[in-house]
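Below is one structure; the comments refer to it alone.
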Amino acid sequence: MDEASGPKEGNVVLAILVGAPGSGKSTFCEEVMRSSTRPWLRVCQDTIGNGKAGSKAQCLNSAAKALKDGKSVFIDRCNLVKEQRSEFIKLGVGPEIDVHAVVLDLPAKLCISRSVKRSGHEGNLQGGKAAAVVNRMLQNKELPKLSEGFNRITFCQSESDVKDAVKTYGTLGPLDNLPHGCFGQKNPDSKIQVGIMKFLKKTTVPVDTASREKGIGNSTSQIPGKNDSCCKDIENNSSIPNDTKLESEKVEGRAIDYAGSYANQVSLDDTLTLAFPSISTADFQFNHEKAADIIVEKVAEFSNKFENARLVLVDLTHKSKILALVKTKVAEKNIDTRKFFTHVGDITRLYSTGGLRCNVIANAANWRLKPGGGGVNAAIFNAAGPELESATKEKVKSLSPGNAVVVPLPSSSPLFTREGVTHVIHVLGPNMNPQRPNCLNNDYNKGCKILQDAYTSLFEGFVSIVRNQAEKPVENNVNLERKSLEFQDQSEGCSRNNVTNTDQKSKRDADHGSEKNKKYKGAQDGSELTFTDSRDQKVDSEHRRNDGGISKVWGSWAQALHQIAMHPEKHKDDLLEISEDVVVLNDMFPKAKKHLLVLARTRGLDCLADIQNEHLEILKKLHAVGLKWAKKFLNENASLVFRLGYHSAPSMRQLHLHVISQDFESKHLKNKKHWNSFNTAFFRDSVDVIDDISNHGKATLKDDDKLLSMELRCNKCRSAHPNIPRLKLHISNCQSPFPSYLLQNGRLVSASEDTL
DNA sequence: GTTCTAGAAC
DNA sequence: GTTCTAGAAC
5 MDEASGPKEG
15 NVVLAILVGA
25 PGSGKSTFCE
35 EVMRSSTRPW
45 LRVCQDTIGN
55 GKAGSKAQCL
65 NSAAKALKDG
75 KSVFIDRCNL
85 VKEQRSEFIK
95 LGVGPEIDVH
105 AVVLDLPAKL
115 CISRSVKRSG
125 HEGNLQGGKA
135 AAVVNRMLQN
145 KELPKLSEGF
155 NRITFCQSES
165 DVKDAVKTYG
175 TLGPLDNLPH
185 GCFGQKNPDS
195 KIQVGIMKFL
205 KKTTVPVDTA
215 SREKGIGNST
225 SQIPGKNDSC
235 CKDIENNSSI
245 PNDTKLESEK
255 VEGRAIDYAG
265 SYANQVSLDD
275 TLTLAFPSIS
285 TADFQFNHEK
295 AADIIVEKVA
305 EFSNKFENAR
315 LVLVDLTHKS
325 KILALVKTKV
335 AEKNIDTRKF
345 FTHVGDITRL
355 YSTGGLRCNV
365 IANAANWRLK
375 PGGGGVNAAI
385 FNAAGPELES
395 ATKEKVKSLS
405 PGNAVVVPLP
415 SSSPLFTREG
425 VTHVIHVLGP
435 NMNPQRPNCL
445 NNDYNKGCKI
455 LQDAYTSLFE
465 GFVSIVRNQA
475 EKPVENNVNL
485 ERKSLEFQDQ
495 SEGCSRNNVT
505 NTDQKSKRDA
515 DHGSEKNKKY
525 KGAQDGSELT
535 FTDSRDQKVD
545 SEHRRNDGGI
555 SKVWGSWAQA
565 LHQIAMHPEK
575 HKDDLLEISE
585 DVVVLNDMFP
595 KAKKHLLVLA
605 RTRGLDCLAD
615 IQNEHLEILK
625 KLHAVGLKWA
635 KKFLNENASL
645 VFRLGYHSAP
655 SMRQLHLHVI
665 SQDFESKHLK
675 NKKHWNSFNT
685 AFFRDSVDVI
695 DDISNHGKAT
705 LKDDDKLLSM
715 ELRCNKCRSA
725 HPNIPRLKLH
735 ISNCQSPFPS
745 YLLQNGRLVS
755 ASEDTL
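Position one of the first sequence corresponds to residue 5 (my numbering), numbered consecutively onward.
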């Protein structure tokens with residue numbers, strides 16, 4: 005504790021609150037202001053924008069003005085990181101201003117439960133995401149130090165500490181000053197960090213090994229039990245109020261306490277888990293052998309798409325045939341058993357009775373998304389209470405086979421509170437039971453496709469949750485909101501694609517600017533589409549399939565090629581060739597003298613990521629047609645050189661082969677992304693894609709954004725150029741031969757080859 | 001995918 | 001002044 009230095013008379017106070025969402029910053033300010041006799045201004049980034057998201061600059065201005073007017077100021081934003089505080093501290097430079105920090109360093113659990121509960125709060129941090137966000141923020145927290153420029157720091161680590169601080173500030177009259185120095189801190193920073201690291205190492209490792217060892221060999225997986233209970237014990241300790249003064253023993257205790265809450269985040273946050281039942285194999289009587297193949301195939305496809313997440317196939321009994329089949333098949337594949345394993349247990353009680361923490365569970369739903377029936381559907385609706393029914397109903401009324409819908413579970417649901425389930429994903433698989441609607445009469449061609457789609461939708465729904473939770477730590481309230489918006493965007497995309505993500509209703513209701521509402525509108529529109537288009541029932545699930553992980557969202561502008569491929573007769577005038585399985589057209593914005601697109605007409609084949617073994621023929625067909633046109637152009641102009649290939653991550657939906665001359669002489673080639681999309685590994689040569697599929701059954705993608713923002717290099721001599729005009733100038737004159745890589749395997753098509 | 005805009009960077 | 005970037009809108 006620092007020695008108090010001599011306070012001056014009646015300084016204005018600039019009090020910077022430090023605390024996670026839900027730590028009680030706003031309440032603190034309000035309570036102080038209610039009883040205080042000195043003029044205070046609370047500067048809150050959430051409210052300063054008058055309905056819109058506020059900016060840090062607005063806060064700074066507002067605070068500066070108030071200080072100038074002699075008012076004391078509360079900076080009511082999270083300020084968990086030193087950098088976020090620094091500019092506010094600068095406002096307090098000068099002898100008449102005391103810069104204070106009030107640190108609301110309450111248990112993460114408390115902040116989370118408050119954040120989850122609140123609905124009308126200005127910060128608009130909502131529901132299940134709140135937990136993840138608070139955790140993320142706390143992970144990056146840097147407790148303030150006097151050296152940052154504070155005169156006084158008050159640490160509150162319990163609610164009674166907060167009460168004391170309210171009293172201290174509430175009774176601070178206009179002529180009073182508070183002593184300088186640090187107050188209330190019970191745990192020096194460095195020790196906590198060591199404690200955390202030790203603790204994390206101890207706890208995370210067993211999680212992994214347990215699942216690796218037991219996941220496959222033993223049908224009853226027992227994963228987080230040990231360390232979770234360990235965390236729980238420690239948390240219980242931490243809830244004992246500790247008001248005693250600093251002693252070395254207490255410091256240690258406190259350190260473990262912190263470590264406990266951090267470790268808890270690891271199991272809760274870092275290993276997101278989807279538990280799912282086998283779809284369609286029970287009441288829908290789908291062939292188990294075939295279903296097991298599909299499960300393993302889809303798990304293999306998705307399991308390497310995420311780092312800290314895992315999939316768990318759950319069935320009630322050790323005798324489960326489908327579990328046995330999947331276990332056998334999965335053992336033959338090279339699937340990371342930390343990412344996928346089977347588990348015997350009740351899907352509605354995985355945590356409470358099995359110790360398996362699954363924040364997402366899948367429901368084998370019926371098409372009306374109604375409770376009842378039997379099996380998993382009845383069990384989940386029962387266990388989740390009416391909350392799930394209403395949350396589901398709020399967004400969608402029905403589900404067609406092969407689709408899934410993500411429903412965030414209201415925090416009041418028993419499944420949420422007891423089992424830690426934050427999302428339920430309803431999935432509807434194909435039905436082979438003549439007693440049930442939409443029976444496929446043993447048509448396993450259709451059935452397998454639908455079941456594949458169902459798992460794709462399910463896993464993509466999960467991936468969208470994982471992705472969202474894996475967002476980088478947020479920096480302040482503004483960013484926090486942006487992240488939420490991004491998530492809404494994502495869910496919009498999902499809903500358009502039948503993986504509907506019902507976001508929290510209260511978010512919409514909260515008066516928070518038009519921007520958000522506009523976006524939400526989009527989401528609603530999208531979800532309407534989902535269930536009205538009966539003729540193209542499968543379009544939605546199919547056009548979403550991409551690299552298997554990230555839900556690819558196709559904007560409205562990205563649909564043009566798809567429309568052409570589906571209905572070429574409507575665009576006859578713009579097309580060079582129409583056949584049963586391909587369409588050829590000039591690129592609307594050619595990036596070279598000659599630039600064609602050869603579209604696959606296969607429904608659901610949107611990009612390279614969608615390609616599987618079965619598409620080899622269409623790839624060859626696209627290549628052959630592209631080659632034919634290239635040669636045709638070469639006949640007209642022998643100086644051209646063509647390259648045929650695909651973009652790793654196309655912007656336009658519907659698989660299209662680019663046939664492009666290598667002059668890149670075009671006014672439409674305007675930016676780095678244009679150039680790099682044709683001249684880096686992002687561009688996948690058609691011949692290589694065909695090899696990939698022949699050899700590995702899937703296409704290699706190089707869809708890193710870095711490739712598209714790489715330095716501009718000549719496609720012949722590889723020299724670098726500072727900007728597009730200079731590059732264009734260079735390539736128009738470069739006489740170098742093409743790099744040898746391109747000269748191999750027929751990657752380039754030129755007149756000389758044509759004559760062979 | 002494109003266009004437009006504003007602001008930053010050079 | 002030009003180029004780049006990011007965001008929004010389409």
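Note that CB positions come from ideal geometry on N, CA and C, so glycine has one too.
Could you give the DSSP three-state label for residue 31: helix, strand or coil?
In the first sequence, residue 31 corresponds to position 27, counting from 1. In this structure, residue 31 counts as helix in the three-state DSSP scheme.
Would you report the Cα separation of residue 647 and residue 448, rounded to the nearest angstrom?
Translated into the one-based positions of the first sequence, residue 647 becomes position 643. Translated into the one-based positions of the first sequence, residue 448 becomes position 444. If I take the Cα positions, the gap works out to 40 Å.
Excluding the 5 residues preceding and the 5 following residue 520 in the sequence, name in chain order all residues of the same chain whose CB lies nearer than 6 Å to its CB.
For the purposes of this step, residue 520 is taken as the residue at position 516 of the first sequence. Unreliable positioning characterises residue 520 in this predicted model, as indicated by a pLDDT of 33, which lies under 50. The coordinate reading is nonetheless provided below. Cβ within range, chain order: n/a, list empty.
Residue 459 classed as buried or exposed, judged by whether at least 16 other C-beta atoms fall within 10 angstroms:
The count along the first sequence starts at 1 and reaches residue 459 at position 455. By the 10 Å Cβ count, residue 459 comes out buried.
On the premise that residue 419 lies in contact with residue 425, defined as a C-beta separation below 8 Å, what is that separation, rounded to the nearest angstrom?
What you label residue 425 is simply residue 421 of the first sequence in a count that begins at 1. What you label residue 419 is simply residue 415 of the first sequence in a count that begins at 1. Confirmed, Cβ separation roughly 4 Å.
Can you have a look at residue 593 and say buried or exposed, based on whether 16 or more other CB atoms are within 10 angstroms of its CB?
The residue labelled residue 593 in the question sits at position 589 within the first sequence. Flag for residue 593 reads exposed.
Would you kindly check if the distance between the Cβ of residue 295 and the Cβ of residue 284 is under 8 Å?
The residue you call residue 284 lines up with position 280 of the first sequence. The residue you call residue 295 lines up with position 291 of the first sequence. Going by C-beta atoms, residue 284 is nearer than 8 Å to residue 295.
Straight-line gap, residue 110 to residue 160 (C-alpha atoms, nearest Å):
Mapped onto the first sequence, residue 110 falls at position 106. Mapped onto the first sequence, residue 160 falls at position 156. Looking at the two C-alpha atoms, the distance is approximately 7 Å.
Measuring CA to CA, which of 751, 113, 20 and 119 is closest to residue 95?
The residue you call residue 95 lines up with position 91 of the first sequence. Here the closest residue by C-alpha is 20.
So who's on the other strand from residue 158, going by DSSP bridges?
The residue given as residue 158 occupies position 154 in the first sequence. Answer is 106 and 187, bridged to residue 158.
Rounded C-alpha distance that separates residue 326 from residue 368:
Start at 1 with the first residue of the first sequence, and residue 326 comes out as number 322. Start at 1 with the first residue of the first sequence, and residue 368 comes out as number 364. Residue 326 and residue 368: Cα-Cα distance of roughly 15 Å.
At a cut of 8 Å, does the segment 588 to 605 reach the segment 691 to 706 through at least three beta carbon pairs?
no
Closer than 8 Å by C-beta to residue 349: which residues in its own chain qualify, once you throw out the five before and the five after it? Chain order, please.
Residue mapping note: residue 349 aligns to position 345 of the first sequence, counting from 1. The residues are 224, 318, 320, 357, 358 and 360.
Given residue 182 as reference, the closest of 564, 586, 390 and 18 once Cα atoms are compared
The residue labelled residue 182 in the question sits at position 178 within the first sequence. Out of 564, 586, 390 and 18, 18 has the C-alpha closest to the C-alpha of residue 182.
Taking 7 Å as the cut-off, does the CB of residue 747 come closer than this to any heavy atom belonging to the ligand COA?
This structure does not include the ligand COA; it has no bound ligands of any sort.
Cβ contact check for the segment 562 to 577 and the segment 611 to 618: 3 or more pairs under 8 Å
no
What is the DSSP secondary structure of residue 52, reduced to helix, strand or coil?
Translated into positions along the first sequence, residue 52 becomes position 48. Note: residue 52 maps to helix in three-state DSSP.
Between which two residues does the beta strand (DSSP E) holding residue 97 run?
For this step, residue 97 is matched to residue 93 along the first sequence. First-last for residue 97: undefined, no H or E at that position.
How about residue 106 and residue 169: are their beta carbons less than 8 Å apart?
Your numbering for residue 106 matches position 102 in the first sequence. Your numbering for residue 169 matches position 165 in the first sequence. In this structure, residue 169 lies closer than 8 Å to residue 106 by Cβ.
I need the boundaries of the alpha helix (DSSP H) containing residue 471, first residue and last residue.
Here residue 471 refers to the residue found at position 467 of the first sequence. Residues 448 to 473.
Under the rule that 16 or more other beta-carbon atoms within 10 Å means buried, what is residue 745, buried or exposed?
Within the first sequence, the letter at position 741 stands for residue 745. Exposed is the call here.
Within 10 Å of its beta-carbon, does residue 179 have 16 or more other beta-carbons around it, so buried, or fewer, so exposed?
Within the first sequence, residue 179 is the residue found at index 175, counting from 1. With fewer than 16 Cβ atoms within 10 Å of its Cβ, residue 179 is classed as exposed.
Just grab the DSSP bridge partners of residue 443 for me.
Within the first sequence, the letter at position 439 stands for residue 443. Answer is 435, bridged to residue 443.
Note down, in chain order, each residue of its chain lying with its Cβ closer than 6 Å to the Cβ of residue 278, except the 5 sequence neighbours on either side.
Sequence index remark: in the first sequence, residue 278 carries index 274 (1-based). Closer than 6 Å at Cβ, skipping near neighbours: 315, 364 and 466.
Are there 16 or more other CB atoms within 10 angstroms of the CB of residue 472, so buried, or fewer, so exposed?
Along the first sequence, one-based indexing puts residue 472 at 468. Its Cβ being crowded by 16 or more others within 10 Å, residue 472 is buried.
Is the CB-CB distance between residue 29 and residue 80 below 8 Å?
Stepping through the first sequence from its first residue, residue 29 is reached at position 25. Stepping through the first sequence from its first residue, residue 80 is reached at position 76. Yes; because the gap between Cβ atoms is below 8 Å, this pair is in contact.
Identify every run of the beta strand (DSSP E) within the segment 629 to 693, keeping only runs that are complete inside it and at least 3 residues long; order them along the chain.
645 to 651, 660 to 665 and 687 to 689
Take residue 352 and list the residues in its own chain whose beta-carbon comes closer than 8 Å to its own, dropping the five residues that flank it on each side.
Looking up residue 352 in the first sequence gives position 348. These residues qualify, in order along the chain: 365, 383, 384, 386, 387, 388, 419 and 423.
According to DSSP, is residue 311 helix, strand or coil?
Within the first sequence, residue 311 is the residue found at index 307, counting from 1. Three-state result, residue 311: coil.
Beta carbon of residue 185 nearer than 8 Å to that of residue 39
Along the first sequence, one-based indexing puts residue 185 at 181. Along the first sequence, one-based indexing puts residue 39 at 35. Result no, Cβ atoms of residue 185 and residue 39 do not sit closer than 8 Å.
Could you spell out where the beta strand (DSSP E) holding residue 280 opens and where it closes?
Along the first sequence, one-based indexing puts residue 280 at 276. Per DSSP, residue 280 belongs to the beta strand (DSSP E) from 276 to 281.
So what does DSSP say about residue 346, is it helix, strand or coil?
One-based indexing of the first sequence puts residue 346 at position 342. In this structure, residue 346 counts as strand in the three-state DSSP scheme.
Going by C-alpha to C-alpha distance, which of 37, 90, 84 and 42 sits closest to residue 61?
Along the first sequence, read from residue 1 onward, the residue named residue 61 stands at position 57. Checking every option, the nearest Cα to that of residue 61 belongs to 90.
At what residues does the alpha helix (DSSP H) containing residue 386 begin and finish?
As a working mapping, residue 386 is identified with position 382 in the first sequence. Start and end: 379 to 388.
Report yes if the CB atom of residue 470 is closer than 8 Å to the CB atom of residue 306, and no otherwise.
Working through the first sequence from its first residue, we reach residue 470 at position 466. Working through the first sequence from its first residue, we reach residue 306 at position 302. No, they are not a contact pair.
Go ahead and pull the three-state DSSP assignment for residue 76.
Taking the first sequence and counting its residues from 1, the one referred to as residue 76 is at position 72. Three-state result, residue 76: strand.
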